[in-house]
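K.L.:
To start, I am sharing the structure in question, which I have written as structure tokens.
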Amino acid sequence: MINPVWLRSFCTLVEIGHFTRTAEHLHMTQSGVSQHVRKLEEYLGQPLLIRQGKRFTLTSTGDRLYQEGQKLILSLTDLELRVGLDPAYEGIVKIASPGSVGLKLYAHFLALQRQYPALVVEYRFAPNEDVERLIAEHKVDIGLMTRLSTMSEVSLKPIAQEELVLVTPSGILEPTWEQLIKLGFIGHPDAAYYAGQLLRANFPEFQNSHQFKRSGFSNQINLILEPVSMGLGFTVLPSHAVGAFKEREKVAVHRLAHPVNETIYVGVHAHKFKQNRVKTIIAEAKKCLNTL
Numbered sequence: 000m001i002n003p004v005w006l007r008s009f010c011t012l013v014e015i016g017h018f019t020r021t022a023e024h025l026h027m028t029q030s031g032v033s034q035h036v037r038k039l040e041e042y043l044g045q046p047l048l049i050r051q052g053k054r055f056t057l058t059s060t061g062d063r064l065y066q067e068g069q070k071l072i073l074s075l076t077d078l079e080l081r082v083g084l085d086p087a088y089e090g091i092v093k094i095a096s097p098g099s100v101g102l103k104l105y106a107h108f109l110a111l112q113r114q115y116p117a118l119v120v121e122y123r124f125a126p127n128e129d130v131e132r133l134i135a136e137h138k139v140d141i142g143l144m145t146r147l148s149t150m151s152e153v154s155l156k157p158i159a160q161e162e163l164v165l166v167t168p169s170g171i172l173e174p175t176w177e178q179l180i181k182l183g184f185i186g187h188p189d190a191a192y193y194a195g196q197l198l199r200a201n202f203p204e205f206q207n208s209h210q211f212k213r214s215g216f217s218n219q220i221n222l223i224l225e226p227v228s229m230g231l232g233f234t235v236l237p238s239h240a241v242g243a244f245k246e247r248e249k250v251a252v253h254r255l256a257h258p259v260n261e262t263i264y265v266g267v268h269a270h271k272f273k274q275n276r277v278k279t280i281i282a283e284a285k286k287c288l289n290t291l
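If you're matching positions, the sequence shown starts at 0 in my numbering and goes up one per residue.
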């Protein structure tokens, strides 16, 4: 393969037409320019120049090499510029997060993409364990998590807090333990964990979620509140999931006397260079999650 450094020296020499001025332009010595040309001639096995002191004329081979080499040099220059620019609002960014965080962020990122069409956000909803694995395996650029990582490849930083809230049908103003027992519990994949965090801090009677009758279950984050809105039971969810529910007037959101918050962490691979578009999305996520 032709050495691109030699080729760049040769093409510059042809354009300037003088060895000394070419050397000055390339910040080289004149002998260095001559050496690059000789190496090309040795590699190709044909003369490229007919030398006339410090000037020259091209052979037919030299002319063909210049015509094709110029195209390659321009292509390499364009590649250097594209790699070096690293634009903040262009390119694909792959993100994964648990459902509640995603319901808050996804619409925000779609609005951002409308503003900057060259910025493409690919969003995946996944539980914490899967988000952690996707970061470690370089399958996403950014992962949002609500617990600390156990993997050394995953670097996490806290960026926001998300409140856990008790959600009941709209007719209940201040829920009592007896009302919760009567209503029954609408389950979801994280329901037992969330209930344990919030209800244990606010109801001395609480031991575990099995104390409540099972009134329903959904693993779709945007459907969990449907049975609650129909009066079929109560549940505990992060506030972003509740905020995304379209029929908020049909449910009552209760912030209890002893609030419980989850920390939201932004995660990236610990050994991967962070591109400017990734930094843009992280900054937007932080801004969105800290806006009421």
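From the three backbone atoms N, C-alpha and C, an ideal C-beta is built for every residue, glycine too. Quick caveat, the model's predicted, so the values are computed rather than measured.
Which same chain residues end up closer than 8 Å to D129 when comparing Cβ atoms and leaving out the 5 residues on each side of it in sequence?
P.N.:
A95
K.L.:
Counting only runs that start and end within the stretch 98-138, where is the beta strand (DSSP E) found for 3 or more residues in a row?
P.N.:
Qualifying beta strand (DSSP E) stretches, in chain order: 118-124.
K.L.:
Report the rounded CA-to-CA distance for E23 versus R276, giving the unit in angstroms.
P.N.:
38 Å
K.L.:
Under the three-state reduction of DSSP, which class applies to A269: helix, strand or coil?
P.N.:
coil
K.L.:
Tell me Q160's beta-bridge partners as DSSP assigns them.
P.N.:
T262
K.L.:
Suppose you measure from the CA of V164 to the CA of L236; what does that come to, to the nearest Å?
P.N.:
Rounded to the nearest angstrom, the two C-alpha atoms are 6 Å apart.
K.L.:
Could you tell me which residues DSSP puts in a beta bridge with V250?
P.N.:
DSSP output for V250 lists P168 as bridge partner(s).
K.L.:
If you drop the 5 nearest sequence neighbours on each side, which residues of the same chain put their C-beta closer than 7 Å to that of Y105?
P.N.:
These residues qualify, in order along the chain: Y122.
K.L.:
Along the chain, where does the beta strand (DSSP E) containing I51 start, and where does it finish?
P.N.:
Note on identity: in this sequence residue 51 is Gln, with Ile being the wrong assignment. That run of the beta strand (DSSP E) goes L48 to Q51.
K.L.:
If you follow the alpha helix (DSSP H) that G215 is part of, which residue opens it and which one closes it?
P.N.:
That residue, G215, is in no alpha helix (DSSP H); its beta strand (DSSP E) goes R213 to F216.
K.L.:
Just to confirm my understanding: we take P157, look at its own chain, exclude 5 residues before and 5 after, and list those with CB closer than 6 Å. What are they?
P.N.:
T262 and Y264
K.L.:
Suppose contacts are defined by Cβ-Cβ distances below 8 Å. Is N127 in contact with R113 by that definition?
P.N.:
no
K.L.:
On the DSSP letters alone, give me the boundaries of the beta strand (DSSP E) that T56 sits inside.
P.N.:
R54 to L57
K.L.:
In this structure, how does DSSP classify G242 when only helix, strand and coil are distinguished?
P.N.:
In the three-state reduction of the DSSP assignment, G242 falls in the helix class, which pools H, G and I.
K.L.:
Keeping to the same chain, check which residues put their C-beta closer than 8 Å to that of N294; ignore five residues upstream and five downstream.
P.N.:
Limits of the chain in this structure are 0 at one end and 291 at the other, which puts residue 294 out of reach.
K.L.:
DSSP state of P237, grouped into three classes?
P.N.:
Of the three classes helix, strand and coil, the one that applies to P237 here is strand, per DSSP.
K.L.:
When the Cα of Q43 is compared with those of Q51, L64, R50 and M144, which residue comes out closest?
P.N.:
According to the sequence displayed, residue 43 carries Leu and not Gln. It is L64.
K.L.:
If you measure between the beta carbons of G61 and L48, is that distance less than 8 Å?
P.N.:
yes
K.L.:
For D77, does the count of other Cβ atoms within 10 angstroms reach 16, so buried, or fall short, so exposed?
P.N.:
exposed
K.L.:
Does the stretch 205-223 touch the stretch 166-184, meaning 3 or more C-beta pairs lie closer than 8 Å?
P.N.:
yes
K.L.:
Any idea what DSSP makes of G16, helix, strand or coil?
P.N.:
coil
K.L.:
Buried or exposed: G31, going by 16 or more other Cβ atoms within 10 Å of its Cβ?
P.N.:
exposed
K.L.:
If I measure Cβ to Cβ from I6 and keep anything under 6 Å in the same chain, skipping five residues before and after, which residues do I get?
P.N.:
First, the residue type needs correcting, since residue 6 is Leu and not Ile in the sequence shown. So the list reads G68, once near-sequence residues are dropped.
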